[in-house]
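J.: First the structure, then my questions, so here it is.
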Amino acid sequence: MNALSYPAVDTAADAASHRPLLDVSGVTLQYKTRDHLVTACYRVDFQLFQAERFVLLGPSGCGKSSLLKAVGGFLAPVEGAIRLNGHAVTQPGPDRMMVFQEFDQLPPWKTVKQNVMFPLLASGKANRREAEEKALDAIAKVKLTKFANSYPHTLSGGMKQRVAIARAMAMEPDVLLMDEPFAALDALTRRKMQEELLQLWDDVRFTMLFVTHSIEEALVVGSRILVLSPHPGQVKAEVNCHDFDLASTGSPAFQSTARRIHTMLFADEVEAQGSTGA
Ligand SMILES: Nc1ncnc2c1ncn2[C@@H]1O[C@H](COP(=O)(O)OP(=O)(O)OP(=O)(O)O)[C@@H](O)[C@H]1O
Numbered sequence: 001m002n003a004l005s006y007p008a009v010d011t012a013a014d015a016a017s018h019r020p021l022l023d024v025s026g027v028t029l030q031y032k033t034r035d036h037l038v039t040a041c042y043r044v045d046f047q048l049f050q051a052e053r054f055v056l057l058g059p060s061g062c063g064k065s066s067l068l069k070a071v072g073g074f075l076a077p078v079e080g081a082i083r084l085n086g087h088a089v090t091q092p093g094p095d096r097m098m099v100f101q102e103f104d105q106l107p108p109w110k111t112v113k114q115n116v117m118f119p120l121l122a123s124g125k126a127n128r129r130e131a132e133e134k135a136l137d138a139i140a141k142v143k144l145t146k147f148a149n150s151y152p153h154t155l156s157g158g159m160k161q162r163v164a165i166a167r168a169m170a171m172e173p174d175v176l177l178m179d180e181p182f183a184a185l186d187a188l189t190r191r192k193m194q195e196e197l198l199q200l201w202d203d204v205r206f207t208m209l210f211v212t213h214s215i216e217e218a219l220v221v222g223s224r225i226l227v228l229s230p231h232p233g234q235v236k237a238e239v240n241c242h243d244f245d246l247a248s249t250g251s252p253a254f255q256s257t258a259r260r261i262h263t264m265l266f267a268d269e270v271e272a273q274g275s276t277g278a
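UniProt numbering numbers the first residue of the sequence shown as 1 and each following residue consecutively.
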């Protein structure tokens with residue numbers, strides 16, 4: 001921990017009374033390829049509490065997506081443990097729903113409503129009537145009621161991402177996992193989606209683990225940020241940023257925190273280049 005580190009909760013008493021929803025402890029993730037063993041991240045620790053908006057921030061290749069996959073149960077740690085509600089994560093489950101960057105994550109032959117209903121039905125979480133009710137409710141929350149019977153190819157990129165968010169939210173997961181969900185959108189739409197996500201959070205108070213490599217996006221959408229070093233990712237610091245939103249991007253406090261994170265990431269890049277002789 002360094003000067004940018006803050007406690008997750010205000011007092012030791014608070015800490016004792018709050019069990020983390022998600023506990024990632026000493027997690028190392030690796031990929032075995034035919035020729036190499038790639039270490040994606042090394043001994044990463046973080047804890048996520050109910051209704052937090054927790055952001056994994058770091059340069060390309062530092063293992064952010066890999067960490068999200070591991071929390072999703074798609075990639076097993078070679079070292080350390082991941083616990084959700086005190087239980088070891090060993091496989092994917094409906095308690096963790098993922099939203100990806102890609103616009104083609106929605107089957108094109110299903111309407112918006114059918115897309116949102118699908119995981120509810122496939123997981124057995126709801127019967128058809130309940131699934132329809134939950135789907136329409138989630139679709140209304142992302143302001144797409146008028147498009148409930150439209151097909152994905154008739155929607156804009158931003159609208160497709162709202163459907164993907166509605167589909168995940170309808171499952172009422174313990175944690176919503178978001179892998180750079182707005183990265184492929186144009187700047188204005190991205191900003192609008194960040195605003196809508198924060199409104200949705202105000203309304204529903206879900207728990208979110210959000211991956212980005214944009215410092216500004218991390219500060220806007222997050223309540224807490226885990227800053228990771230370059231490949232293989234290691235925890236650099238935790239930054240408390242729950243006071244920031246889109247309205248504060250021009251404020252001196254926002255700008256100075258953004259600069260401090262930038263310096264931290266950039267210093268790492270220089271170190272990494274130095275160590276490889278680049
Ligand atoms: N399926 C895979 N097989 C082998 N190596 C992989 C695989 N997926 C990721 N990696 C490697 O693991 C490291 C971490 O990748 P990861 O995608 O988790 O990083 P990231 O921080 O999400 O990057 P980006 O911001 O570019 O998406 C990288 O070196 C990457 O090349």
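Every residue, glycine too, gets a C-beta built ideally from N, C-alpha and C.
Suppose contacts are defined by Cβ-Cβ distances below 8 Å. Is I215 in contact with A253 by that definition?
T.: no
J.: Just list the beta strand (DSSP E) runs in the region 92-166, keeping only unbroken ones of 3 residues or longer that don't cross its boundaries, in chain order.
T.: 96-99
J.: Report yes if the C-beta distance between P59 and P232 is below 8 Å; otherwise report no.
T.: no
J.: Report whether the distance from the Cβ of T28 to the nearest heavy atom of ligand 1 is below 7 Å.
T.: no
J.: Check T28 in the structure and name its three-state DSSP category.
T.: In the displayed model, T28 falls within a strand according to three-state DSSP.
J.: Between M159 and F206, how many whole angstroms is the CB-CB distance? I'm expecting something under 8 Å.
T.: The Cβ separation is near 20 Å, so there is no contact.
J.: Roughly how many angstroms separate the alpha carbons of E180 and R162, rounded to a whole number?
T.: 14 Å
J.: Given a cut-off of 8 Å on the beta-carbon distance, is the pair L56 and P20 in contact?
T.: Taking 8 Å as the Cβ cut-off, L56 and P20 do not qualify as a contacting pair.
J.: For G72 versus L29, is the C-beta spacing smaller than 8 Å?
T.: no
J.: Per DSSP, what are the beta-bridge partners of A81 in this structure?
T.: Partner(s): S25.
J.: When we look at the beta-carbon of T145 and count the other beta-carbons within 10 Å, is it buried (16 or more) or exposed?
T.: exposed
J.: For a test of the three-state rule: what should DSSP assign to A183, helix, strand or coil?
T.: coil
J.: Alpha carbon to alpha carbon, what distance is there between D104 and S156?
T.: 11 Å
J.: Could you name the residues of the same chain whose beta carbon sits closer than 6 Å to that of residue 284, not counting the 5 residues immediately before and after it, in chain order?
T.: Residue 284 lies beyond the residue range present for the chain, which begins at 1 and ends at 278; the question has no answer from this structure.
J.: What does the alpha-carbon distance come out to for the pair A247 and E133?
T.: 34 Å
J.: Starting from the N-terminal side, write out each stretch of the beta strand (DSSP E) that is 3 residues or longer and does not extend beyond the region 42-66.
T.: Complete beta strand (DSSP E) runs here, min 3: 53-57.
J.: By how many angstroms is the C-alpha of V78 removed from the C-alpha of H36?
T.: 15 Å
J.: For H262, name the three-state secondary structure that DSSP assigns.
T.: helix
J.: Rounded to whole angstroms, what is the Cα-Cα separation between L209 and R53?
T.: 6 Å
J.: Would you call residue 295 buried or exposed, if buried means 16 or more other Cβ atoms sit within 10 Å of its Cβ?
T.: Beyond the ends of the chain as shown, which are 1 and 278, falls residue 295; an answer cannot be given.
J.: Check each candidate in S256, H262, L198, Q255 and name the one with the smallest Cα separation from S223.
T.: Measuring from the Cα of S223, the nearest candidate turns out to be L198.
J.: Mind checking whether V99 and M178 have CB atoms under 8 Å apart?
T.: yes
J.: Could you tell me which of G93, K236, I82, P152 sits nearest to P107, measuring between CA atoms?
T.: For the residues G93, K236, I82, P152, the minimum Cα distance to P107 belongs to P152.
J.: Can you tell me whether L176 is helix, strand or coil according to DSSP?
T.: strand
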